[in-house]
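Here is the structure we will look at, set down as structure tokens.
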Amino acid sequence: MFEAIFENVRRKSPLIHNITNYVTVNDCANMLLACGASPIMADELEDAVEITALCGGLNINIGTLNRNTIPAMFAAGKRANELNHPVILDPVGAGASTLRTETALGLLKEVRFTVIRGNISEIKTLALGSGTTKGVDADVADRVTEENLDGAVTFAKDFARRAGARVAVTGAIDIVTDGTRTFCIRNGRPEMSAITGTGCQLSALTAAFVTANPDRPLEAAAAAVCAMGLCGEIAYSRMSELDGNASYRNYIIDAMCHLTPTALEMGAKYELR
Amino acid sequence: MFEAIFENVRRKSPLIHNITNYVTVNDCANMLLACGASPIMADELEDAVEITALCGGLNINIGTLNRNTIPAMFAAGKRANELNHPVILDPVGAGASTLRTETALGLLKEVRFTVIRGNISEIKTLALGSGTTKGVDADVADRVTEENLDGAVTFAKDFARRAGARVAVTGAIDIVTDGTRTFCIRNGRPEMSAITGTGCQLSALTAAFVTANPDRPLEAAAAAVCAMGLCGEIAYSRMSELDGNASYRNYIIDAMCHLTPTALEMGAKYELR
Amino acid sequence: MFEAIFENVRRKSPLIHNITNYVTVNDCANMLLACGASPIMADELEDAVEITALCGGLNINIGTLNRNTIPAMFAAGKRANELNHPVILDPVGAGASTLRTETALGLLKEVRFTVIRGNISEIKTLALGSGTTKGVDADVADRVTEENLDGAVTFAKDFARRAGARVAVTGAIDIVTDGTRTFCIRNGRPEMSAITGTGCQLSALTAAFVTANPDRPLEAAAAAVCAMGLCGEIAYSRMSELDGNASYRNYIIDAMCHLTPTALEMGAKYELR
């Protein structure tokens, strides 16, 4: 199934509009190109609404909010909804500040999201309506492990149902659910968390996969999560003893260039619950 | 001729002011350093006008427009004109939205550009005054090929004359013209289009080449286009089977570090029409 | 001593708030992760003040000022002062424009900085209250050499005393002083200046080192300067003849990933004056 999903990405080359943070934006653009999609960035209100109409999907990432880009996120999100374009939310740092939490919650109210992708602390903030996130990484206390996986799945399913969206909680074990069916994914490497923006790249990738597969957004989101993790594994196997997070970042994007639909199908490690 | 032009870049180390998009700005800065120039970025109105006066040349790139940077583009462009500094326009995404098209057309009216560099779809938008661009890449229907090259050259020459600027239309075959003489350039690799920002980097590079060679802007622009394509070729020959667009990006900038004026002279593939 | 300082960084993993320029922000984030710290970026006034309270230290870099981020710098700086968090100033391009010079001088008046890190031209601008900087690199006439080192040390000590901060003047020879004791550091490679943002990365790194070592900010700043230079040396020894500034950038960050506290202790090249 993931084979056909990834083939659609490569074949359709969806154009993805990103309203995203300036920290990791270049990597998001190169990751989108690596998977076969095309990126465009536009975050000024007037420009963003028109660009979103031109694109196939929209990726909203709140990593570096400012007063100009927030209205662009709301307006582009609504326009994408009108056009039935997939919209992804990456609530970076939700729970770490009032502005981030309230912007994410406001977006959830006014925009219909196809997929919400974040770490467990960010998703908990959205589910509870208030947050305790310590920065942009998941709190240690929150982390999803084999021990608390059942509870985490129940939590994610519940939130997905309430939010009317697919939810991807990513970490050591990834959970992707639409509230009914759930993928528990075990691709990836812990070293990926030492690279800035692997989460942001995954959100952009998810937008590409979901846009190219409008009739199966849950599977497409799960395929994107597996693809990112698998590229992390492939790239890790290539690391020399001198390589660190900077080279690893490049190798992951490189691996996405070379990943074939068949290799994704074979390398995806997940169970359906 | 390109040898002497590139020697001037290395020797004079021109300081280039960039008002550019936040997606590819880091690569533009490293590319400028790689060719021997120095970058500075400033996009707040007050800062930009003063910084432009300090610099030798100005590179304006509309890839991520916002309401703060647009006035800075106009004001810095006019100030650079007063000082007789070269000014480059990269109309990223002109034709994809009203804001981009109108900003580019407005800049063309109020600022005298030394070189306008874009893909064929962007340049067509500027020439026709309205656009049909599908994102930030050239439309397939527009692409310059051996078959339609004559027509594309005539079009570019006509636009160069009307705009009073040199025009560089880059793609599989690059056209650089001042309306009278035209360079048709065949350096480069198709894989370069899978890297975000090779066009942006080329515009920054063009600014450096033109600034260091004020008495022959057409040849300097053509030399920059050849240099970028040649580095794409050199970098490609270095790719391992695991390397993809992320490593390729680094290798191209690396290649510019090592490119000698003589190697540029020898490796440039162009015909003069 | 540097061994224990670096161990604290790795062990405490300080969360560093960066209000920084969009040119080099990604490298700053990856460098912070490489040294064992965590980055977060927030530059909108409302967000920045709250994020700074969440973090351990604050890094203010004026490389791409705009009217939105300037108030955030002042407000976050004051908030960090109230909380006794270390605050670093990187006065990028001070002296190159009125906006940069005045913002830096204003910040010096209203915010208490733990460390001010810049090149000699930027620091001279701050010390003299007006500037002559030619861009973002140090003027040749200003550069610190073995011949003028004594004078430069006296100047830096005097400024450190007047500013009530540690001062790090970085270049071929680095000077780190609190006005009484002075580290003269000879780590690093001249090729590092061909990479955009090695200075910005060092400022971010300094924030991490100082935050993890609140009781010895002078030594922590000196350790950060040695660590950056040492990584420049290690990375340089890894360069192939095809590698240039883009790969070198990655290798330096990679080297920080692998640098051990003991290797820093052994490789640091400094004299105390």
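Protein chains in written order, with this note's numbering: chain A, 1 to 273; chain B, 1001 to 1273; chain C, 2001 to 2273. Ideal Cβ positions, reconstructed from N, Cα and C, are used throughout, including at glycine.
Residues bridged to residue i (per DSSP)
| i | result |
| --- | --- |
| N2018(C) | M2041(C), N2059(C) |
| C2184(C) | I2175(C), E2271(C) |
| L89(A) | I60(A), I116(A) |
| V1167(B) | I1116(B), T1177(B) |
| S1097(B) | A1094(B) |
Which listed residue (the options) has its alpha carbon closest to that of residue i
| i | options | result |
| --- | --- | --- |
| L2205(C) | A2004(C), V2144(C), N2018(C) | N2018(C) |
| H1085(B) | G1129(B), I1253(B), V1111(B) | V1111(B) |
| V144(A) | G164(A), R166(A), A165(A), T170(A) | T170(A) |
| E1146(B) | A1037(B), V1136(B), A1172(B) | A1172(B) |
| N1187(B) | T1180(B), I1175(B), A1194(B) | I1175(B) |
| D2178(C) | V2153(C), E2191(C), Q2201(C), T2198(C) | V2153(C) |
| I2185(C) | A2168(C), R2011(C), C2200(C), G2199(C) | A2168(C) |
| I27(A) | M228(A), A263(A), L89(A) | Looking at the sequence itself, residue 27(A) is Asp, so the reference to Ile does not match. Looking at the Cα atoms, M228(A) is the closest of the given residues. |
| A2075(C) | V2092(C), G2095(C), A2053(C) | A2053(C) |
| Y1248(B) | I1005(B), N1068(B), D1047(B), T1198(B) | T1198(B) |
| M1073(B) | T1103(B), V1140(B), G1135(B), L1032(B) | T1103(B) |
| T101(A) | R11(A), A212(A), L128(A) | L128(A) |
| G2151(C) | D2137(C), R2273(C), R2189(C) | R2273(C) |
| R166(A) | A42(A), L108(A), T196(A), E191(A) | L108(A) |
| M2031(C) | A2004(C), N2213(C), R2189(C), S2203(C) | S2203(C) |
| V140(A) | E2007(C), I2123(C), V2225(C), S2013(C) | S2013(C) |
| G2267(C) | R2161(C), A2222(C), K2124(C) | A2222(C) |
| T2137(C) | T2182(C), A2163(C), A2194(C), V2087(C) | In the sequence on display, residue 2137(C) carries Asp and not Thr. Comparing Cα-Cα distances from D2137(C) to each of T2182(C), A2163(C), A2194(C), V2087(C), the minimum goes to A2194(C). |
| N1068(B) | G1077(B), N1148(B), E1046(B) | E1046(B) |
| G2077(C) | N2066(C), T2114(C), L2099(C) | T2114(C) |
| E7(A) | A208(A), M239(A), P71(A), L126(A) | A208(A) |
| T211(A) | M1(A), L259(A), A37(A), T20(A) | A37(A) |
| D243(A) | A2246(C), N2250(C), N2245(C) | N2250(C) |
| V1025(B) | I1116(B), P1071(B), Q1201(B) | Q1201(B) |
| I1051(B) | I1252(B), R1216(B), R1079(B), N1066(B) | R1079(B) |
| L58(A) | P71(A), T20(A), L33(A) | T20(A) |
| A1163(B) | T1125(B), A1220(B), L1149(B), N1148(B) | T1125(B) |
| I2005(C) | C2257(C), L2264(C), L2230(C), E2044(C) | L2264(C) |
| I2016(C) | V2049(C), V2009(C), G2056(C) | G2056(C) |
| L1181(B) | V1087(B), I1252(B), P1190(B), A1160(B) | The residue asked about is misnamed: residue 1181(B) is Arg in this sequence, not Leu. When each option's Cα is compared against that of R1181(B), the closest is A1160(B). |
| N81(A) | C231(A), V49(A), A96(A) | V49(A) |
| A1034(B) | F1183(B), C1231(B), C1226(B) | C1231(B) |
| S1121(B) | D1142(B), L1083(B), R1189(B), I1070(B) | D1142(B) |
| N2245(C) | R1189(B), E1241(B), A1029(B) | A1029(B) |
| E2044(C) | D215(A), I70(A), T260(A) | I70(A) |
| E2275(C) | L2149(C), F2183(C), P2039(C) | This structure gives no information on residue 2275(C), because the portion of chain C shown stretches from 2001 to 2273. |
| G1095(B) | L1083(B), G1118(B), V1087(B) | G1118(B) |
| V1087(B) | Y1270(B), S1097(B), P1217(B) | P1217(B) |
Residue i beta carbon near the ligand MN (any heavy atom closer than 7 Å)
| i | result |
| --- | --- |
| D27(A) | For the ligand MN, the structure offers nothing, since it holds no ligand at all. |
Quiz item: If contact means a Cβ-Cβ distance below 8 Å, which residues of the segment 2033-2046 of chain C contact chain A?
Solution: Listed in sequence order: L2033, A2034, S2038, P2039, I2040, M2041, A2042, D2043, E2044, E2046.
Self-check item: Inter-stretch contact at 8 Å, needing at least 3 Cβ pairs: the segment 55-62 of chain A / the segment 83-102 of chain A
Solution: yes
Quiz item: Using 8 Å as the Cβ pair cut-off and three pairs as the minimum, do the segment 1150-1165 of chain B and the segment 1233-1248 of chain B touch?
Solution: No: fewer than three Cβ pairs fall under 8 Å.
Practice problem: Check each residue of the segment 187-205 of chain A: if its Cβ is closer than 7 Å to any Cβ of chain B, include it; give the result in chain order. | Solution: none
Quiz item: Quick one, which residues of the segment 136-167 of chain A are near chain C if we go by CB-CB under 8 Å, in chain order?
Solution: V136, D137
Quiz item: Using a beta-carbon distance cut-off of less than 8 Å, what residues from the segment 1058-1071 of chain B approach chain A?
Solution: Closer than 8 Å at the C-beta level to chain A, one finds these residues of the segment 1058-1071 of chain B: G1063, T1064, L1065, N1066, R1067, N1068.
Quiz item: Using a Cβ cut-off of 8 Å, which residues of the segment 1236-1248 of chain B contact any Cβ in chain C, in chain order?
Solution: R1238
Quiz item: Which of the residues in the segment 2083-2113 of chain C, read from start to end, lie with their CB under 8 Å from any CB of chain B?
Solution: G2093, A2096, S2097, T2098, L2099, R2100
Practice problem: Mind checking the segment 1-21 of chain A against chain B and listing, in chain order, the residues whose C-beta falls within less than 8 Å of any C-beta there? | Solution: If you check each beta-carbon in the segment 1-21 of chain A against every beta-carbon of chain B, the ones closer than 8 Å belong to L15.
Quiz item: Which of the residues in the segment 215-233 of chain A, read from start to end, lie with their CB under 7 Å from any CB of chain B?
Solution: none
Self-check item: Uninterrupted alpha helix (DSSP H) stretches inside the segment 1241-1265 of chain B (no shorter than 4 residues)
Solution: Counting only runs of 4 or more, we get 1245-1258.
Exercise. Mind listing, in chain order, the continuous alpha helix (DSSP H) runs of no fewer than 4 residues lying wholly within the segment 2202-2237 of chain C?
Key: 2217-2236
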